[in-house]
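For the sequence shown, my numbering gives the first residue as 46, with consecutive numbering after it.
Just below is one structure, and these are the notes that go with it.
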Amino acid sequence: MLVTAPNRDPFTADVAIGARPLLLRFNGAGVLAPADIHVAERLAKLGEETDERVILAAALAVRGPRFGHVRTALRGVRSTVVADVEDRGALDLLPWPEEEDWLKAVAASRIVAIGEDGVDDRPLRLVDEALYLDRYWRDECFVADDLLQRSGGPQPVVDRNLLEEGLQRMFGRESPPEQKSAAAAAVLRRFSVVAGGPGTGKTTTVAKVIALLHEQAAANGEAVPLIALAAPTGKAAARMEEAVRHSVSDLDTNSEIRERLASAEGLTIHRLLRRRPDSSSRFRHDRNNRLPHDAVIVDETSMVSLSLMARLLEAIRSDARVILIGDPEQLASVEAGAVLGDIVGPASSDVGLPASSDIVGSASDDPRLSASPKSGPVAEGIVVLRSNFRFGGSLAELASAIRAGDADSAVAVLSQGNPELRWLDIDPIEVSDRASASDDLAPVREMTVSAGRGLFEAAIAGDEPSTLRFLSAFRLLCAHRHGAGGVDVWTDIVEAWLAQEVEGFDPGPEWYPGRPVMITANDYSLRLFNGDTGAVVVREDAGLAVVFPRGGSTISVSPSRLSAVETVFATTVHKSQGSEFEQAALVLPPPESPLLTRELLYTAVTRAKRGLTVVGPEESLRVAVGRPVARASGLTRRLWG
46 MLVTAPNRDP
56 FTADVAIGAR
66 PLLLRFNGAG
76 VLAPADIHVA
86 ERLAKLGEET
96 DERVILAAAL
106 AVRGPRFGHV
116 RTALRGVRST
126 VVADVEDRGA
136 LDLLPWPEEE
146 DWLKAVAASR
156 IVAIGEDGVD
166 DRPLRLVDEA
176 LYLDRYWRDE
186 CFVADDLLQR
196 SGGPQPVVDR
206 NLLEEGLQRM
216 FGRESPPEQK
226 SAAAAAVLRR
236 FSVVAGGPGT
246 GKTTTVAKVI
256 ALLHEQAAAN
266 GEAVPLIALA
276 APTGKAAARM
286 EEAVRHSVSD
296 LDTNSEIRER
306 LASAEGLTIH
316 RLLRRRPDSS
326 SRFRHDRNNR
336 LPHDAVIVDE
346 TSMVSLSLMA
356 RLLEAIRSDA
366 RVILIGDPEQ
376 LASVEAGAVL
386 GDIVGPASSD
396 VGLPASSDIV
406 GSASDDPRLS
416 ASPKSGPVAE
426 GIVVLRSNFR
436 FGGSLAELAS
446 AIRAGDADSA
456 VAVLSQGNPE
466 LRWLDIDPIE
476 VSDRASASDD
486 LAPVREMTVS
496 AGRGLFEAAI
506 AGDEPSTLRF
516 LSAFRLLCAH
526 RHGAGGVDVW
536 TDIVEAWLAQ
546 EVEGFDPGPE
556 WYPGRPVMIT
566 ANDYSLRLFN
576 GDTGAVVVRE
586 DAGLAVVFPR
596 GGSTISVSPS
606 RLSAVETVFA
616 TTVHKSQGSE
626 FEQAALVLPP
636 PESPLLTREL
646 LYTAVTRAKR
656 GLTVVGPEES
666 LRVAVGRPVA
676 RASGLTRRLW
686 G
């Protein structure tokens with residue numbers, strides 16, 4: 046029986062006592078967790094497999110999705126796991142099997158199917174020297190096949206004259222040509238992607254797409270189109286709903302269409318598909334019970350896992366439009382896959398626009414409209430928005446350097462002394478123990494105390510709008526949740542700073558005025574969703590309430606009704622996705638941290654609207670810029686060849 050060693054640090058790998066000697070070595074080095082070994086052993090028992098090398102391969106395939114990988118490339122696996130293991134020196138001491146013999150043993154196993162056309166009754170599948178768990182292989186194949194069929198099959202019937210006129214009316218000559226091209230692709234094609242960073246007008250473009258779809262339906266004598274607005278999290282769905290409704294006043298279309306958009310509702314993907322009570326991974330809407338919608342628009346697609354995308358596409362009618370929105374450079378889903386990045390693929394660096402751009406070419410002399418786009422049916426629907434309307438200056442320069450993987454330029458931008466950017470070239474973990482008295486962190490302390498004081502004073506006064514403004518004025522961002530340099534440590538530091546410098550501030554009680562909180566579980570009865578942030582304020586009757594922004598107003602909830610919340614003076618970069626702050630400070634983890642990646646750094650930088658302070662040594666910065674997330678997947682190859 047597989048058990049774990051007692052009295053271990055909860056943030057270190059447990060030891061799998063009783064495991065086979067080879068697997069135990071890999072567990073001891075932190076490569077395999079007990080759960081990886083347990084599942085592999087069960088698969089081996091079912092298939093009467095006794096070769097330790099095969100069971101090791103199975104355990105590595107089980108391990109992969111925990112780190113976002115869809116598949117595990119056995120040839121060279123030693124170099125791919127290094128990014129996920131903190132003690133990299135231990136990898137050199139492991140008894141890695143000889144690759145050729147290892148691959149032959151795996152291919153000969155009764156628990157492994159070989160190739161794309163292999164038998165369908167095996168739990169593992171070996172494709173091009175990469176080992177999949179069967180369910181992830183099936184999901185990857187399905188997503189690729191579905192998107193290729195939507196892209197290469199018959200496209201919607203569109204009144205091109207009406208579309209061209211609508212594009213000119215909605216966007217005007219001043220709008221960037223890529224926005225018009227993205228809108229045209231979304232109307233003309235069954236599958237499209239509107240990609241781009243913060244401030245590039247993705248949501249504005251989507252609102253205009255919805256209006257154009259309504260106009261097309263009316264012109265063709267069709268029923269009012271049923272359009273779903275969906276996102277992977279409740280917070281993202283609510284923000285999408287608010288953004289679309291906010292765009293209504295700027296739309297040059299008839300009043301009836303504006304009224305429909307003003308009542309748009311955003312749903313999580315799980316709510317749209319309606320989760321089945323008897324399953325944690327299946328939904329009421331599936332391939333046998335399709336969604337009724339004519340178009341499904343998904344925002345923040347970078348956070349959608351491969352499995353969830355497969356379940357969503359299964360449920361969407363083959364003749365309906367699928368429109369994906371998001372930033373492929375941001376952190377991907379916490380589950381397996383980097384779906385948006387895989388789909389956009391080489392188009393992320395393409396300077397051309399798709400062939401649908403010809404419909405807007407007469408409105409612009411932009412040379413990109415005549416550039417050769419990437420070829421292929423999927424490419425025709427992908428447009429990356431580049432023009433930025435609210436994110437510029439040195440922050441934009443830094444984000445561009447990070448995106449390009451240019452560490453020298455990133456260091457140079459941070460070293461310029463620009464007021465927007467400050468760099469504290471120190472080890473934050475070393476100074477965190479003495480943070481209360483450390484002059485090294487004075488800039489961070491100053492911003493933290495300024496925002497915290499404003500938040501506390503507005504909360505004491507019961508001024509809800511001002512409280513929420515201060516809530517988004519500043520945020521401390523960390524890579525890790527636990528441990529040195531993590532959110533837990535920095536939350537204590539911030540509360541100590543505020544207790545010392547803000548008169549009347551007392552973080553002792555569970556609920557205190559000025560406490561910023563984040564919802565950690567969806568509560569549909571309150572319309573509060575995982576990731577929503579609010580703050581505790583004093584009511585007129587001297588009681589306490591927690592206020593949350595909702596559209597242009599606020600909603601107020603009694604603290605007694607909230608159970609799944611956490612204090613967010615500091616938060617992880619991952620949980621900050623979809624949020625923006627006037628100022629932010631990023632605490633970089635040590636260079637050896639497996640979470641220190643280009644995507645984490647880019648996501649953190651693009652959370653700040655006006656200013657960013659980076660706390661960490663140059664080595665950590667350079668490691669982050671030079672380490673893109675390498676999620677093993679075959680989706681890009683399937684879509685782009």
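We put the CB at the ideal spot given by N, CA and C, even for glycine.
Cutoff 6 Å; reference residue i; Cβ partners in own chain excluding five residues on either side
i	result
Leu-369	Val-238, Val-343, Thr-346
Ala-158	Val-164, Arg-167, Arg-170
Ala-262	Pro-270
Glu-627	Ala-518, Lys-654, Arg-655
Gly-371	Glu-345, Thr-346, Ser-347, Leu-385
Ala-227	Val-239, Thr-250, Val-428
N-terminal and C-terminal residue of the beta strand (DSSP E) that residue i is part of
i	result
Tyr-177	175-178
Lys-654	653-660
Glu-611	610-612
Leu-271	That residue, Leu-271, is in no beta strand (DSSP E); it is neither H nor E in DSSP.
Pro-594	589-595
Val-581	578-583
Leu-357	Not the beta strand (DSSP E): Leu-357 falls in the alpha helix (DSSP H), residues 351-360.
Ala-615	615-617
Phe-519	519-523
Leu-430	427-430
Contact set for residue i: own chain, Cβ-Cβ below 7 Å, skip 5 residues either direction
i	result
Ala-189	Leu-680, Arg-683, Leu-684
Thr-642	Ala-669, Arg-672, Pro-673, Val-674
Ser-511	Ala-503
Val-650	Leu-440, Leu-443, Ala-444, Ile-447, Leu-657
Gly-579	Val-562, Val-591, Val-592, Phe-593
Asn-463	Ser-439
Leu-77	Leu-68, Phe-71, Ala-104, Arg-108
Whole-Å CB distance - residue i paired with residue j, under 8 Å assumed
i	j	result
His-259	Ile-302	5 Å
Ala-615	Trp-535	4 Å
Leu-306	Leu-257	In fact, because the Cβ distance is near 11 Å, the residues do not count as touching under 8 Å.
Leu-571	Arg-606	7 Å
Val-489	Val-660	6 Å
Strand pairing of residue i, partner residues [DSSP]
i	result
Val-367	Phe-236, Val-341
Asn-334	Asp-331
Trp-468	Val-659
Arg-170	Ala-158, Tyr-177
Thr-346	Partner(s): none; Thr-346 has no beta bridge.
Asp-568	Leu-573
Ile-600	Phe-593
Gly-311	Leu-274
Ile-100	None; Ile-100 has no bridge partner.
Thr-648	In the DSSP output, where bridge partners are listed per residue, Thr-648 has none listed.
Phe-626	Ala-653
Thr-642	BP columns for Thr-642 are empty, so no partner.
Buried versus exposed call for residue i [16 or more other C-beta atoms within 10 Å across all chains shown]
i	result
Arg-431	exposed
His-527	exposed
Pro-110	buried
Tyr-569	exposed
Leu-194	Residue identity check: residue 194 is Gln in the sequence provided, not Leu. Looking at its Cβ environment, which holds fewer than 16 other Cβ atoms inside 10 Å, Gln-194 is exposed.
Ser-678	buried
Ala-230	buried
Asp-719	Residue coverage of the chain in this structure runs from 46 to 686, which leaves residue 719 outside it and unanswerable.
Glu-310	exposed
Leu-459	buried
Gly-266	exposed
Ala-64	buried
Val-379	exposed
Ser-324	exposed
Asp-54	Unreliable placement is indicated for Asp-54, whose pLDDT of 42 sits below 50; the coordinate value is still reported in the next sentence. Its Cβ having fewer than 16 others within 10 Å, Asp-54 is exposed.
Neighbourhood of residue i by C-beta distance below 8 Å, restricted to the same chain and skipping five residues each side
i	result
Asp-365	Checking the sequence shown, residue 365 turns out to be Ala, not Asp. Result list for Ala-365: Arg-235, Leu-336, His-338, Asp-339, Ala-340, Val-341, in chain order.
Terminal residues of the alpha helix (DSSP H) in which residue i lies
i	result
Ile-505	487-505
Ile-447	438-448
Thr-681	680-685
Gln-545	532-546
Glu-209	205-216
Val-384	384-389
Gln-461	Element bounds for Gln-461: n/a, residue is neither H nor E.
Gln-261	247-264
Contact with chain B by residue i, beta-carbon distance below 8 Å
i	result
Arg-362	Considering every chain present, this structure includes no chain B. It has just one protein chain.
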